[in-house]
Amino acid sequence: MEKTTVITHMDADGVLSLATFLKYNRSIVKEEDTQKNHYTIRPSIYFTSPVNLLNTILISILNNRNVNNLDLLYVFDLSGTRESIISASIYKKTVWIDHHYWEIVNKPENIEFYIDHTSNSACRLVSKYFSVYDFDDLADEIDTNNIKTDYGERIRTIISYLRDENRGKSLSEKLYKFAEDLAYTGIDIIYDTYYESMIDLYKKRLMEIDEIIASSLNIYRVADLKVAVVTSDKSLPVYHIYNKLMDHKDAPFDL
């Protein structure tokens, strides 16, 4: 039985990429169980950021304990470095799917790179790879900050809430549950009272953030550029700051 590990970005694009994989993987598991009457090993899931990717790959290797368990690694929505690529090559096979622009400095034979920096989201590439097209349009909306649907707005808000309220293992568990709910229950799970309560709470949080933006915003003239700077010791959602500045009475800003 093949042991699969997935390392994905802890943002909306990464979560939706994982949901796409989980939906694909479930269909494969059902088919294998029917044909072979066995249960496939549950994949190991890790959420991380680009700066922590190398450490996460190394942790995934150590957690497997046995080199014979390092069968297949998927990396979603994360830029690589020489060191992280070398580390990923310890797996028997790695599939690296990303839409950011970065240079692949070495290409080990056992790593398949599916990189397209013209794609609006990594999820769109993951969808093409697995032929599962449930979340790619929503990932495009969120990752380009061009929300067009209530689905997109709700998913972005839920993930923002989870990241605001959780850290470490707790955050990974909550993000995984959300990806699993999307994959196995369907997109309308976001209207469940469990997620509705998160949306309501985060809307209140955004009102507090609006006050922080208003009180900490400074506007400067640098040569011919009009520069807006928001300073805070708190973690603030960049997309919300951007949208508020777009609507500011002194907009548009050059930076």
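For the sequence shown, the positions run 1215 to 1469 when the numbering used here is used.
Heads up, the beta-carbon is just placed ideally off N, CA and C, and yes, glycines get one too.
- Here residue 1408 carries a helix assignment [DSSP, helix/strand/coil].
- Taking the Cα positions, residue 1437 is about 12 Å away from residue 1469.
- Distance from the CA atom of residue 1345 to the CA atom of residue 1234, rounded to whole angstroms, is 9 Å.
- The residue from 1217, 1301, 1444 and 1460 with its alpha-carbon nearest to that of residue 1280 is 1217.
- By the C-beta criterion, the region 1319-1333 is judged not to be in contact with the region 1254-1269, since fewer than 3 inter-stretch pairs fall below 8 Å.
- The beta carbon of residue 1349 lies closer than 6 Å to those of 1230, 1233, 1234 and 1337 in the same chain, with the five residues before and after it left out.
- Counting along the chain, the unbroken alpha helix (DSSP H) around residue 1341 starts and ends at 1336-1344.
- By the CB criterion at 8 Å, residue 1287 and residue 1394 fall outside the cutoff.
- Membership of residue 1371 in the alpha helix (DSSP H) is indicated by the continuous run 1364-1379.
- A straight line joining the alpha-carbon of residue 1340 with that of residue 1415 spans about 31 Å.
- By the 16-neighbour rule on beta-carbons within 10 angstroms, residue 1359 is exposed.
- Residues of the same chain with a CB within less than 6 Å of the CB of residue 1442, apart from the 5 flanking positions on each side, are 1433, 1459 and 1467 in chain order.
- According to DSSP, residue 1327 shares a beta bridge with 1310.
- Put simply, the backbone Cα of residue 1454 is about 27 Å away from that of residue 1311.
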